[in-house]
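Taking it in order: structure first as structure tokens, then the write-up.
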Amino acid sequence: MTELIIQIEDKTILPSLKKVMRSIQGVKSIALKTTTPAISPTAQRLLKDLADYESYKKGWDNESAAPLSPIVIKSFKRLLEKSNEDDLKDWNIFPEKNGTMILENSKRQAQINLAEKEFSYFILADSGLKGEDHIKLSTSRLLKAIKAINHD
């Protein structure tokens with residue numbers, strides 16, 4: 277007997293796929309197994325940091341700082357799912373008083389401010405400060421900015 281393993285990301289196609297597989301002569305059985313994708317050591321480190329910051333309550337700075345926005349947290353977790361080890365290995369995260377998050381790459385002297393609907397980034401280059409403000413947030417745009425900063 278030979279096994280065929282098919283990995284899919286979109287589970288909505290599962291019923292159609294099962295129907296097609298059952299229609300093939302010689303298919304004895306279909307077994308489904310859900311797996312969680314492995315995450316990189318850097319993503320694990322950043323998730324641990326994020327968990328610490330998620331516990332911060334209003335006034336965590338002994339003044340009026342807001343806790344991290346749940347939307348920002350969700351956006352950052354999506355970034356971790358889509359990135360690889362090289363993308364984030366030189367990055368650290370920190371909460372901001374207004375509920376946003378700073379991603380910092382000290383090697384590149386760069387920061388990204390991640391907000392609910394947008395992000396901004398700045399790099400201290402030899403020619404001075406450069407960056408972009410108020411970029412509409414999407415995981416792909418954020419990851420593209422990170423990759424560009426990493427290779428600047």
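Remember, the working numbering sits 276 above the position in the sequence shown when you count from 1.
For every residue, glycine included, the Cβ atom is placed at its ideal position computed from N, Cα and C.
- In the three-state DSSP reduction, glutamate 380 falls in the strand class (E or B).
- Judged by pairs of C-beta atoms under 8 Å, the segment 358–372 touches the segment 314–328, as three or more such pairs exist.
- Isoleucine 388 carries a strand assignment under DSSP once its states are collapsed to helix, strand and coil.
- For glutamate 394, the three-state secondary structure derived from DSSP is strand.
- Closest in alpha carbon position to lysine 420, among Tyr397, Ile378 and Gly404, is Tyr397.
- The distance from the Cβ of alanine 391 to that of threonine 376 is about 5 Å, consistent with a contact at the 8 Å cut-off.
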